[in-house]
Amino acid sequence: MRSATSYPNRHETFHPIPGLTPFRVSFERRWGYLSFMKTLKTTYMGMELDSPLIVGSCGLTRNIEGVEKCAQAGAGAVVLKSIFEEVIAHETESEISAAEESLWHPEALQYTRAYTRENEVSRYLKLVDETRKKVEIPVIASVHCVSAAAWPDFAKRLESAGAHALELNAFVLPSDPDRTAGQIEQLYGDLAKAVRDRVDIPVALKLGSYFSGLANTARQLSKDGVAALTLFNRFFSTDIDIDSMELKKGPVLSDPGEFILPLRWISLLHGRVDCDLSATTGVHNAATVIKLLLAGATTVQVVSALYKNGVDYITTLNQQLFTWMEEHEFETVDAFRGLLSHAESDNPAAWERVQFMKFSAGVE
Ligand SMILES: Cc1cc2nc3c(=O)[nH]c(=O)nc-3n(C[C@H](O)[C@H](O)[C@H](O)COP(=O)(O)O)c2cc1C
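Letter by letter, the sequence shown follows residues 109 to 472 of this note's numbering.
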């Protein structure tokens, strides 16, 4: 497996110390920069990152210019904007069985046939190839998928194009009353194995929180060879316009309070799964980054906060994380990662219940 450190000159490159731009080369600043980078260094899915902050898959990582901005601002890695399974299958003309096609909405097939641009697949491969050459941080390609049907061979092509890792945004809305939880969980497992069997680069699975047995599913997936779980995907949601009486899209960007859900689950899963955990959803400030790391996240992904504050906000987050670590005398992220997780607790569910009982009774 290639790692980010295989890049020549990676650590000889001068980046601005966040907050000290424009950068002037001086011994002090070089020393300061090296100390800063040493402190924030993180290993994620076997790759060495200069910061645990990752720009999550979104429009900001859809082209080379966007990715370059993320790298310049100090992102530890980027997840490219996803390519859809339906688009890959459509363009590669893979055979899709009737059973597999049932996972797709007919409108999805119609949409991909009518509206996807020509050569979207080769454009994506080119993006991976060129981005990889342009930036020194790890580039994680992303596929939005609902099955292991027609597309996993494409994973090999992403690897050949130079992707350091893959993140699969896998989502099956459990809306079919005839389908059991076990069947749905099996689908995620099949997907992970199908992709794992084809590539040597690490594979992360980005999941939603709709699982009846989330801890068990997560552990099983980690045993199936998934190198990281990204928790949790924030779904495209539908709202209702009460004036026009039509369906409309719900809020696209997250709110700061939404970090509570990944915080709980990362804290519960840390130490109980055999893979890394990457937190996503609701990360809007450095305090939240720190909380998620204390809960046990290996990396923390940011998206909405960058849409709201600009990509340079990564610099501020890195700097504030660094300052907090200095104040608390932590020399590395590993030194405090997971300190406040439930890893040592025999029965975290019972502990949470007691907290709720105390709150409910007005004791606290
Ligand atoms: C405009 C936009 C586009 C997104 N596109 C993708 C995508 O292509 N693939 C994906 O896995 N997630 C996508 N996401 C979800 C983000 O990666 C992230 O998981 C989610 O926004 C929650 O993080 P946040 O609270 O920091 O925004 C997108 C989010 C936004 C706001």
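Where a beta carbon is used, it is the ideal one built from N, C-alpha and C, also for glycine.
Is Y415 near ligand 1 - that is, is its Cβ less than 7 Å away from at least one heavy atom of it? yes
Please confirm whether any heavy atom of ligand 3 lies closer than 7 Å to the CB of L361. This structure does not include ligand 3; its bound ligands are ligand 1.
Count the other CB atoms, across all protein chains shown, that sit within 10 Å of the CB of V462; report buried if there are 16 or more and exposed otherwise. exposed
Buried versus exposed call for S190 [16 or more other C-beta atoms within 10 Å across all chains shown]: buried
Within a Cβ cutoff of 7 Å, which residues of the same chain sit near V360, ignoring the five residues on either side of it in sequence? none
For the beta strand (DSSP E) holding D347, just list the boundary residues, first then last. 346-349
Mapping the DSSP letters down to three states, classify D384 as helix, strand or coil. strand
By DSSP's criteria, I248 is part of a beta bridge. Which residues make up the other side? V187, A273
Which residue comes first and which comes last in the beta strand (DSSP E) that contains T151? 150-152
Is there at least one non-hydrogen atom of ligand 1 closer than 7 Å to the beta-carbon of T346? no
Quick check on the DSSP output: the alpha helix (DSSP H) that includes V462 runs from which residue to which? 456-468
Three CB pairs or more closer than 8 Å across the segment 345-359 and the segment 367-382: no
Cβ pair L168, V419 closer than 8 Å: yes
Kindly indicate which residue of F262, I368, D454, R170 has the alpha-carbon position closest to the one of E199. F262
DSSP three-state label for F430, please. helix
Quick one: give me the first and last residue of the beta strand (DSSP E) that A312 is part of. 311-315
Short Cβ contact (8 Å threshold) for S449 with A403: yes
Where the alpha helix (DSSP H) through A302 begins and ends: 289-304
Pairwise C-alpha distance: G470 and F464: 10 Å
8 Å Cβ cutoff met for K234 and L276: no
Under 8 Å, with one C-beta from each stretch per pair, do the segment 238-245 and the segment 264-280 reach the 3-pair mark? yes
Taking 7 Å as the cut-off, is the CB of C166 close to at least one heavy atom of ligand 1? yes
Would you report the Cα separation of A112 and P285, rounded to the nearest angstrom? Only weak support exists for where A112 lies, its pLDDT of 35 falling under 50; the value from the coordinates is given anyway. The straight-line gap from Cα to Cα measures roughly 44 Å.
Is it true that the segment 299-314 meets the segment 330-340, where meeting means three or more beta-carbon pairs spaced less than 8 Å apart? yes
Exposed or buried, what is T431 when buried is set at 16 or more other beta-carbons lying within 10 Å of its beta-carbon? exposed
Kindly indicate which three-state DSSP category C253 falls into: helix, strand or coil? strand
Whole-angstrom distance between E437 and A249, CA atom to CA atom: 35 Å
Taking Cβ positions, are L322 and C253 nearer each other than 8 Å? no
Sheet register partners of V163 (DSSP bridge): V186, V410
E156: first and last residue of the uninterrupted beta strand (DSSP E) it sits in: 155-157
Helix, strand or coil at A336 according to DSSP, with G and I counted as helix: strand
Taking 8 Å as the threshold (C-beta atoms), are I422 and G182 in contact? yes
Could you tell me whether any Cβ in chain D is nearer than 8 Å to the Cβ of T150? Going by chain labels, chain D is absent from the structure shown, which holds only one protein chain.
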